[in-house]
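Undergrad: The structure's right below; bear with me while I get my questions together.
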Amino acid sequence: MPVKARGQRLLLIASMLVGTAISAPGAEAGIIEAINHTHWAINHFSVDGRSGIDIIGAYQGGGGGCCYVAPPKWRPGMTVRVDWETGVSGTKEFPGFADWPKYLAWKAEVNAQTRQHTKLVEIPDYTGQKVCGITVHFLPCDELQVSTSCYAYGTPEYPIKTPLHLPQPQSCPQNKHKHKDNDSEVSQ
-2 MPVKARGQRL
8 LLIASMLVGT
18 AISAPGAEAG
28 IIEAINHTHW
38 AINHFSVDGR
48 SGIDIIGAYQ
58 GGGGGCCYVA
68 PPKWRPGMTV
78 RVDWETGVSG
88 TKEFPGFADW
98 PKYLAWKAEV
108 NAQTRQHTKL
118 VEIPDYTGQK
128 VCGITVHFLP
138 CDELQVSTSC
148 YAYGTPEYPI
158 KTPLHLPQPQ
168 SCPQNKHKHK
178 DNDSEVSQ
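At position 88 of the sequence shown the residue is numbered 85 (our numbering), and the sequence of numbers has no breaks.
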């Protein structure tokens, strides 16, 4: 068999194997989305190192990054790692660039309120359900919930019923996840 034909045949077989693996039940790739239930902006976030892409304003939804693939079979204790950055929501106070010292003071104030977070979140049981990516819910006090549901947030079938607008508590319980505060990692 000529080398070119053998290479094409191997490429075809490899493509078929990859296609079979991707289309296996429960192993379909889906998008990474988020719902922000807080007054902070989510400047960026990722799930297991895959970017959610969007900046998500206060009390909004967004995302659209590719891809999250849930294992074909759910197991107790399964988690995803969520990394995210919170900051001020909106640019109402943006002074422009004409007054450079005023701009630098504004930028320093914005940066002082920016925080980096990392948390492992348990994946709820999806046995017997179709999985459509993952949706991360950002809650007050840097708490998270996740869902692999194919239903949209707010529909009766969606498993997380948390209202979009949640009040920010006066104080938060001590968190067990890590966040970066002024370039030093602090466990809360």
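Glycine included, C-beta positions come from ideal geometry on N, C-alpha and C.
Label A105 either buried or exposed according to how many other C-beta atoms from any shown protein chain fall within 10 Å of its C-beta, with 16 as the threshold for buried.
TA: Position 108 of the sequence shown holds residue 105. By the neighbour-count rule (16 or more Cβ atoms within 10 Å), A105 is not buried but exposed.
Undergrad: Mapping DSSP to helix, strand and coil, what is C138?
TA: Within the sequence shown, numbered from 1, the residue matching residue 138 stands at position 141. Looking at C138 - three-state DSSP - the assignment turns out to be helix.
Undergrad: Closest to R112 by CA distance: which of V77, G151 and G84 is it?
TA: Mapped onto the sequence shown, residue 112 falls at position 115. The shortest Cα separation from R112 among V77, G151 and G84 belongs to G84.
Undergrad: Candidates D122, Q110 and V133: which alpha carbon is nearest M75's?
TA: For the purposes of this step, residue 75 is taken as residue 78 along the sequence shown, with counting starting at 1. Closest option to M75, Cα to Cα, is D122.
Undergrad: Quick check: what's the CA-CA separation for P166 versus C64?
TA: Taking the first residue of the sequence shown as position 1, residue 166 is located at position 169. Taking the first residue of the sequence shown as position 1, residue 64 is located at position 67. A straight line joining the alpha-carbon of P166 with that of C64 spans about 33 Å.
Undergrad: Of the residues Y150, E140, P160 and G125, which one's Cα is nearest the Cα of Q171?
TA: Counting from 1 along the sequence shown, the entry for residue 171 is found at position 174. Closest option to Q171, Cα to Cα, is E140.
Undergrad: Count the other CB atoms within 10 Å of the CB of C129; is the residue buried (16 or more) or exposed (fewer)?
TA: Position 132 of the sequence shown, counted from the first residue, corresponds to residue 129. Its Cβ being crowded by 16 or more others within 10 Å, C129 is buried.
Undergrad: What number of angstroms, rounded off, separates the C-alpha of I39 from the C-alpha of G125?
TA: Against the sequence shown, residue 39 aligns to sequence position 42. Against the sequence shown, residue 125 aligns to sequence position 128. The straight-line gap from Cα to Cα measures roughly 32 Å.
Undergrad: Take W71 and list the residues in its own chain whose beta-carbon comes closer than 6 Å to its own, dropping the five residues that flank it on each side.
TA: To locate residue 71, count along the sequence shown from 1; it is residue 74. Hits under 6 Å: D122, Y123 and T124.
Undergrad: Are the beta-carbon atoms of G27 and I131 separated by less than 9 Å?
TA: Position 30 of the sequence shown, counted from the first residue, corresponds to residue 27. Position 134 of the sequence shown, counted from the first residue, corresponds to residue 131. Result yes, Cβ atoms of G27 and I131 sit closer than 9 Å.
Undergrad: Where do the ends of the alpha helix (DSSP H) carrying A109 lie?
TA: The sequence position of residue 109 within the sequence shown is 112, counting from 1. Residues W97 to A109.
Undergrad: Taking the CB atoms as reference points, tell me whether I78 and D51 lie closer together than 9 Å.
TA: Looking up residue 78 in the sequence shown gives position 81. Looking up residue 51 in the sequence shown gives position 54. A small correction: the amino acid at residue 78 is Arg; Ile does not occupy that position in the sequence shown. In this structure, D51 does not lie closer than 9 Å to R78 by Cβ.
Undergrad: Quick check on T152: does DSSP put it in helix, strand or coil?
TA: Looking up residue 152 in the sequence shown gives position 155. Of the three classes helix, strand and coil, the one that applies to T152 here is coil, per DSSP.
Undergrad: Look at T115 and H134 and say whether their C-beta atoms are less than 9 Å apart.
TA: The residue you call residue 115 lines up with position 118 of the sequence shown. The residue you call residue 134 lines up with position 137 of the sequence shown. Result no, Cβ atoms of T115 and H134 do not sit closer than 9 Å.
Undergrad: For a test of the three-state rule: what should DSSP assign to A38, helix, strand or coil?
TA: Taking the sequence shown and counting its residues from 1, the one referred to as residue 38 is at position 41. Strand at A38.
Undergrad: Under 9 Å between the Cβ atoms of H36 and W81?
TA: In the sequence shown, residue 36 corresponds to position 39, counting from 1. In the sequence shown, residue 81 corresponds to position 84, counting from 1. Their beta carbons are not under 9 Å apart, which means H36 does not touch W81 by this criterion.
Undergrad: Per DSSP, which one or two residues make a beta bridge with V143?
TA: For the purposes of this step, residue 143 is taken as the residue at position 146 of the sequence shown. Its beta-bridge partners are V133.
Undergrad: Contact defined as beta carbons within less than 8 Å: I believe G49 pairs with A67. What is the distance between those atoms, to the nearest angstrom?
TA: Locating residue 49 in the sequence shown gives position 52, counting from the first residue. Locating residue 67 in the sequence shown gives position 70, counting from the first residue. Not quite, the Cβ-Cβ distance comes to about 16 Å (not below 8 Å), so this is no contact.
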